[in-house]
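Asks: The structure's right below; bear with me while I get my questions together.
Number of protein chains: 2
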Amino acid sequence: MISLVERLRAELGPDAVLTDADVTDSYARDMMPLAPSGSPLAVALPDDVPGVQAVVRACAEAKVPIVPRGAGSGLTGAANAIDGCVVLVTTKLDEIVEIDPDNRLAVVQPGVINLDLRGAVEKHGLFYPPDPSSYDWCTIGGNLSTNAGGLCCVKYGVTTDSVLGLDVVLADGSLLRTGRRTVKGVAGYDLTKLFIGSEGTLGVITQATLALRPLPQAPGTLVAAFNATESAGAAVARIVREGVVPSLMEIMDATSIAAVEEHLKMEIGAGKGCAALLICQSDAGGEAARRELTAIEQVCADSGADLLHTTYDLAEGRMLLTARRAVLSALEVYGAWLTDDVCVPRTRIGELIAACERISADRRLRIAVVGHAGDGNMHPTIVYDPTSTDEFERAHLAFGEILEAGLALGGTVTGEHGIGKIKRDWLEREIGPIGMRVHRSIKAALDPENLFNPGSMFAME
Amino acid sequence: MISLVERLRAELGPDAVLTDADVTDSYARDMMPLAPSGSPLAVALPDDVPGVQAVVRACAEAKVPIVPRGAGSGLTGAANAIDGCVVLVTTKLDEIVEIDPDNRLAVVQPGVINLDLRGAVEKHGLFYPPDPSSYDWCTIGGNLSTNAGGLCCVKYGVTTDSVLGLDVVLADGSLLRTGRRTVKGVAGYDLTKLFIGSEGTLGVITQATLALRPLPQAPGTLVAAFNATESAGAAVARIVREGVVPSLMEIMDATSIAAVEEHLKMEIGAGKGCAALLICQSDAGGEAARRELTAIEQVCADSGADLLHTTYDLAEGRMLLTARRAVLSALEVYGAWLTDDVCVPRTRIGELIAACERISADRRLRIAVVGHAGDGNMHPTIVYDPTSTDEFERAHLAFGEILEAGLALGGTVTGEHGIGKIKRDWLEREIGPIGMRVHRSIKAALDPENLFNPGSMFAME
């Protein structure tokens with residue numbers, strides 16, 4: 001009897017199956033240092049749908065678990081290998097199959113890079129909104145599996161809001177087609193949205209039909225600096241209450257600002273004593289954009305902003321966004337980082353930031369607060385010395401205390417990163433035993449042998 | 001041993017359990033004449049969540065199926081009784097539990113009337129978009145169960161796009177809480193969207209947390225008359241391609257216009273020789289609305305519109321919407337009606353209308369085409385004489401031929417009404433055997449005894 005690796009090589013060709021530990025190790029982890037990972041038996045890189053089906057069938061027969069993986073930009077360990085598994089990497093299914101400008105949709109394979117899709121549809125005057133921070137290297141497949149968000153969400157929603165249908169290889173190797181090419185459709189259960197965000201536990205996504213939007217107008221950008229984080233939080237809550245819907249509303253605290261200024265050697269103009277910066281954009285165009293940004297300006301002024309600056313200069317707006325997007329990598333000037341993604345009701349942002357300040361003091365760790373203020377989805381990011389076991393342990397504790405604080409404020413433990421292998425216990429705490437039972441029954445129904453990513457998101461027992 | 005009816009009376013009180021056939025008959029059908037219906041054993045009207053749980057537990061023990069029901073405005077027979085079932089009516093759970101303007105959300109029970117919710121949130125400057133034609137009498141519970149749409153969808157999506165979380169009574173009587181109160185959240189599978197549109201086959205929705213939007217600006221309205229339906233279809237496709245997103249884009253064909261003019265004794269100004277009317281609105285406000293409507297006007301003129309009229313007068317705009325909304329009831333001047341809700345890619349609307357014209361000629365039946373042109377979701381409506389078996393049979397055949405035409409154009413058999421008891425075979429045709437297997441496995445996982453609405457949407461064997 002041939003071994004599983006031999007069979008995979010026969011099916012996919014020898015170059016598409018990696019077993020050298022030095023190489024497979026680079027497919028064993030994502031970007032979350034806390035999450036456990038194991039050593040895969042092999043890494044399979046099929047380049048077409050029959051190849052994916054062949055891997056699934058071979059692993060099912062051999063009773064070897066499969067961990068599906070995109071680019072590995074995840075922040076929960078969902079794509080981390082488990083011992084003896086096959087890591088099924090979808091990056092070689094990287095074709096943009098179709099762009100249909102007349103019906104505003106695109107059909108893509110999972111390995112397409114988010115940025116490449118954005119660029120390709122932009123040529124047709126179209127817009128694919130989801131823009132996670134890793135958009136220049138993460139794949140659409142990973143975005144679908146985690147239901148990724150980004151800066152766009154305050155106006156345009158998360159990944160699931162841009163998906164019309166999926167092709168998914170199921171645990172028996174069969175190919176399920178969900179959804180449709182029309183913008184509306186209610187035939188049967190919404191299987192599309194069930195697979196989106198299922199983090200590789202229910203099947204392998206091999207194609208997606210995505211809904212596109214018209215390319216928005218060039219954005220106007222507003223920056224407001226506050227000398228107290230509570231004032232910035234209050235401004236966000238008031239903007240929501242006033243009914244303004246900017247296309248972007250981000251917050252950076254003093255630690256984030258300092259890191260970016262040091263890392264990028266740039267002056268973002270927050271000034272001395274600035275505790276928090278709000279960055280807002282409107283892509284409504286013309287007078288509508290001016291109306292929105294004027295309303296936001298007024299609210300920020302009323303909430304005690306020290307400094308207000310609005311620009312319709314694209315380069316300046318882009319520079320501010322670059323600064324915001326650079327926060328995580330900028331924090332590396334201080335050490336390694338761990339980032340949370342709690343999401344709280346928008347009225348509770350100030351309280352969440354205050355909680356992070358308390359945790360930072362208690363645990364004697366630098367915590368930078370940055371995030372998507374417009375939807376209450378915050379990324380408190382803990383900086384630690386990776387060579388110090390003690391600091392790493394305190395960072396781990398702080399990570400959990402931030403989740404705790406988010407739940408206590410009526411929030412969720414994950415706004416856009418997911419559960420993966422790091423927040424399993426937190427999923428149970430958030431959704432309770434009945435929710436867990438329903439999760440397990442759906443998983444058992446679709447993947448009875450627990451083939452896909454076993455133990456990720458939740459354990460079956 | 002006491003009977004099920006005695007037990008229900010003991011649990012809910014005698015007035016909440018109806019068994020008189022004259023009365024229960026009025027709960028046995030929805031608005032779709034084609035769908036089969038049976039005689040219920042009883043109709044239960046609990047007024048709180050423990051009451052719903054008591055009905056579910058009692059029926060589960062007695063192995064008596066439950067058909068959940070809202071107001072009965074559905075158009076697929078999903079809420080139609082089956083012989084010997086208990087119809088569980090949720091109209092008495094009719095409380096708006098909370099409106100939170102600061103976080104733009106509302107918590108409601110399923111029996112709240114769509115119009116009542118709209119009015120209540122409007123007082124806070126907020127907007128609940130889903131507006132099915134029956135919005136003045138349908139319930140939120142029914143809207144959730146069918147994932148209802150309406151005129152708003154072209155800009156604001158369907159019901160599922162406005163829901164943050166649900167409470168659902170499961171087949172064992174336990175209460176599942178899905179989702180959250182935050183605008184983002186990806187903890188676990190998206191159970192909220194799985195239950196939305198499940199047409200009462202997976203559980204009974206007892207509460208929903210709904211996302212609200214800021215109240216839009218007062219709309220500007222444009223009407224364009226075309227002397228050929230293909231020109232109207234071409235105009236819709238070009239508006240989509242140009243990247244304009246109106247807040248409403250409806251189409252009425254000559255039959256619809258004539259019915260409304262006769263029924264409402266009003267002149268909607270289509271003029272002689274008008275084959276189709278497009279009604280578009282923009283709620284973007286001010287200059288943005290003018291820009292959108294001017295762009296649409298230009299496309300309509302280029303596509304051969306004979307008559308173009310744009311108004312910012314609210315009363316006139318409302319009158320045009322009233323005319324559009326009156327089509328179905330207006331058709332009753334000619335006889336009874338059967339309405340389809342096929343949804344096709346927006347470039348194929350002209351072809352769908354042409355197919356309906358052919359079917360109308362072949363089957364010698366008046367077919368009015370009206371619908372949500374902006375998302376390709378059309379309601380070809382067949383008029384027939386209910387006293388003529390022959391006409392009813394031809395109407396039935398025409399109903400199926402329209403579904404066939406929709407599928408052949410790359411569409412779906414249902415854009416917003418659902419499958420229910422009328423389109424079961426069509427669900428299977430649309431999604432295929434693998435899709436059906438997944439549906440059955442999820443149904444079996446969540447409702448192993450097939451307690452909820454058995455045989456609706458699909459049969460288990």
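Line by line, the protein sequences give chains A and B. So the first sequence is numbered by UniProt numbering: it starts at 1 and just counts up by one. So the second sequence is numbered by UniProt numbering: it starts at 1 and just counts up by one. Note that CB positions come from ideal geometry on N, CA and C, so glycine has one too.
1) Got a sec? Which residues, its chain only, sit under 6 Å from B:I367 by beta carbon, not counting five neighbours each side?
2) Below 8 Å on the Cβ atoms is my guess for A:A276 versus A:T229; work out the distance and round it to an integer in Å.
3) Give the secondary structure of A:W137 by DSSP, where H, G and I count as helix, E and B as strand, and everything else as coil.
4) Could you name each continuous beta strand (DSSP E) segment of 3 residues or more that falls completely within the segment 204-276 of chain A, going from the start of the chain to the end?
5) I'd like the list of long-range same chain contacts for B:H263, defined as Cβ closer than 6 Å, with 5 residues on each side in sequence excluded.
6) Under three-state DSSP, which class holds A:D116?
7) Check the Cβ of A:D375 against every Cβ in chain D and list those closer than 8 Å, keeping chain order.
8) Could you tell me the distance, in whole angstroms, from the CA atom of B:P40 to the CA atom of B:G70?
9) Please name the residue in A:L202, A:D375, A:D313, A:A408 whose C-alpha comes closest to that of B:G188.
10) For A:D167, which beta-bridge partners are listed by DSSP?
11) Which chain B residues sit within Cβ distance under 8 Å of A:S441?
12) I'd like the span of the alpha helix (DSSP H) that includes B:L308, first residue to last.
13) Would you give the residue range spanned by the beta strand (DSSP E) that A:T339 belongs to?
14) If you check the beta carbons only, do A:T90 and A:P65 fall under 8 Å apart?
15) Would you kindly work out how many angstroms separate the C-alpha atoms of B:G420 and B:A237, rounded to a whole number?
16) Can you name, in chain order, every residue of its own chain whose Cβ lies under 8 Å from the Cβ of A:G273, other than the five neighbours on each side?
17) Tell me, please, whether the CB atom of B:Y189 is closer than 8 Å to any CB atom in chain A?
18) Please report whether the beta-carbon of B:K193 lies at a distance below 8 Å from any beta-carbon of chain A.
19) Who does B:I99 pair with in a DSSP beta bridge?
20) Is the shortest distance between the beta-carbon of B:E287 and the beta-carbons of chain A less than 8 Å?
21) Note down, in chain order, each residue of its chain lying with its Cβ closer than 8 Å to the Cβ of A:G317, except the 5 sequence neighbours on either side.
22) Find out if the Cβ-Cβ distance for the pair A:D375, A:C152 is shorter than 8 Å.
23) I'd like to know whether the C-beta of B:C343 is nearer than 8 Å to at least one C-beta of chain A.
24) Check B:H439 in the structure and name its three-state DSSP category.
25) Taking its Cβ as the centre, do 16 or more other Cβ atoms sit within 10 Å of A:I2, making it buried, or is it exposed?
26) Put B:G200 into one of helix, strand or coil per three-state DSSP.
27) Can the beta-carbon of B:G415 be found closer than 8 Å to that of A:V163?
28) Take A:T255 as the anchor and find which of A:G371, A:K184, A:S441 has the nearest alpha-carbon.
29) Helix, strand or coil for A:Y189? Go by DSSP, reduced to three states.
30) Are the C-beta atoms of A:D161 and some chain B residue less than 8 Å apart?
31) Since I believe B:T178 is in contact with B:G157 (beta carbons under 8 Å), could you give me their beta-carbon distance rounded to a whole number of angstroms?
32) Shorter than 8 Å from the beta carbon of A:P68 to some beta carbon of chain B?
33) Residues of chain B with CB under 7 Å from A:A284, in chain order?
34) Short check: CB of B:L427 to CB of B:F458, under 8 Å?
35) Report the neighbours of A:V52 on chain B: residues whose CB is nearer than 8 Å to its CB, in chain order.
36) Write down every uninterrupted run of the alpha helix (DSSP H) in the segment 344-370 of chain B whose length is 4 residues or greater and which is fully enclosed by it, in chain order.
Replies: Let me spell this out:
1) Taking the first residue of the second sequence as 1, we reach residue 367 of chain B at position 367. Only C356, S360, P380, I382 meet the Cβ criterion.
2) As a first step, residue 276 of chain A must be located in the first sequence, where it is residue number 276. As a first step, residue 229 of chain A must be located in the first sequence, where it is residue number 229. That belief holds up - the Cβ atoms of A:A276 and A:T229 are roughly 5 Å apart, short of 8 Å.
3) Start at 1 with the first residue of the first sequence, and residue 137 of chain A comes out as number 137. Looking at A:W137 - three-state DSSP - the assignment turns out to be coil, as it is neither helix nor strand.
4) 204-211, 220-226, 248-253
5) One-based indexing of the second sequence puts residue 263 of chain B at position 263. Excluding sequence neighbours, B:H263 sits near A330, V333.
6) For the purposes of this step, residue 116 of chain A is taken as residue 116 along the first sequence, with counting starting at 1. Looking at A:D116 - three-state DSSP - the assignment turns out to be helix.
7) Looking at the structure shown, chain D is missing, and the protein chains on hand are A and B.
8) Locating residue 40 of chain B in the second sequence gives position 40, counting from the first residue. Locating residue 70 of chain B in the second sequence gives position 70, counting from the first residue. Using only the alpha carbons, I get a separation of about 15 Å.
9) Taking the second sequence and counting its residues from 1, the one referred to as residue 188 of chain B is at position 188. Measuring from the Cα of B:G188, the nearest candidate turns out to be A:L202.
10) Against the first sequence, residue 167 of chain A aligns to sequence position 167. Paired residue(s): A:R177, A:Q207.
11) For the purposes of this step, residue 441 of chain A is taken as the residue at position 441 of the first sequence. In chain order: A445, L446.
12) As a working note, residue 308 of chain B is residue 308 in the second sequence. No alpha helix (DSSP H) contains B:L308, which is instead part of the beta strand (DSSP E) from 307-311.
13) What you label residue 339 of chain A is simply residue 339 of the first sequence in a count that begins at 1. Run containing A:T339: 336-339, per the beta strand (DSSP E) assignment.
14) Here residue 90 of chain A corresponds to residue number 90 of the first sequence, with the count starting at 1. Here residue 65 of chain A corresponds to residue number 65 of the first sequence, with the count starting at 1. Result no, Cβ atoms of A:T90 and A:P65 do not sit closer than 8 Å.
15) The residue you call residue 420 of chain B lines up with position 420 of the second sequence. The residue you call residue 237 of chain B lines up with position 237 of the second sequence. Their Cα atoms are separated by approximately 31 Å.
16) Here residue 273 of chain A refers to the residue found at position 273 of the first sequence. Counting only Cβ-Cβ distances below 8 Å, and skipping sequence neighbours, we find N227, D306.
17) By one-based count along the second sequence, residue 189 of chain B stands at place 189. Cβ-Cβ to chain A under 8 Å: yes for B:Y189.
18) One-based indexing of the second sequence puts residue 193 of chain B at position 193. With 8 Å as the cut-off, B:K193 counts as an interface residue toward chain A.
19) Within the second sequence, numbered from 1, the residue matching residue 99 of chain B stands at position 99. Answer is B:A106, bridged to B:I99.
20) Here residue 287 of chain B corresponds to residue number 287 of the second sequence, with the count starting at 1. Answer yes: the Cβ-Cβ gap between B:E287 and chain A drops below 8 Å somewhere.
21) For the purposes of this step, residue 317 of chain A is identified with residue 317 of the first sequence, where counting begins at 1. For A:G317, where only same-chain residues beyond five positions count, the Cβ hits under 8 Å are P219, G220, T221, Q281, T311.
22) Translated into the one-based positions of the first sequence, residue 375 of chain A becomes position 375. Translated into the one-based positions of the first sequence, residue 152 of chain A becomes position 152. Against a cut-off of 8 Å, the Cβ pair of A:C152 and A:D375 comes out as no contact.
23) Taking the first residue of the second sequence as 1, we reach residue 343 of chain B at position 343. So, interface residue.
24) To locate residue 439 of chain B, count along the second sequence from 1; it is residue 439. If DSSP states are grouped into helix, strand and coil, B:H439 belongs with the helices.
25) Within the first sequence, numbered from 1, the residue matching residue 2 of chain A stands at position 2. So A:I2 counts as exposed.
26) To locate residue 200 of chain B, count along the second sequence from 1; it is residue 200. DSSP places B:G200 in coil when its eight states are reduced to three.
27) Mapped onto the second sequence, residue 415 of chain B falls at position 415. Mapped onto the first sequence, residue 163 of chain A falls at position 163. Taking 8 Å as the Cβ cut-off, B:G415 and A:V163 do not qualify as a contacting pair.
28) Numbered from its first residue, the first sequence carries residue 255 of chain A at position 255. For the residues A:G371, A:K184, A:S441, the minimum Cα distance to A:T255 belongs to A:G371.
29) Working through the first sequence from its first residue, we reach residue 189 of chain A at position 189. Here A:Y189 sits in coil by DSSP.
30) Residue mapping note: residue 161 of chain A aligns to position 161 of the first sequence, counting from 1. Yes - at least one Cβ of chain B is within 8 Å of the one on A:D161.
31) Start at 1 with the first residue of the second sequence, and residue 157 of chain B comes out as number 157. Start at 1 with the first residue of the second sequence, and residue 178 of chain B comes out as number 178. With 8 Å as the limit, B:G157 and B:T178 do not qualify as a contact, their Cβ atoms being about 19 Å apart.
32) Here the question's residue 68 of chain A lines up with position 68 in the first sequence. Not closer than 8 Å to any Cβ of chain B, the Cβ of A:P68 fails to qualify, so no.
33) Residue numbering aside, residue 284 of chain A sits at position 284 when the first sequence is read from its first letter. Result: A288.
34) For the purposes of this step, residue 427 of chain B is taken as the residue at position 427 of the second sequence. For the purposes of this step, residue 458 of chain B is taken as the residue at position 458 of the second sequence. The answer is yes: Cβ separation under 8 Å.
35) Walking along the first sequence from the start, residue 52 of chain A turns up at place 52. Per Cβ cutoff of 8 Å: no residues; A:V52 is ~15 Å from chain B at best.
36) 349-363
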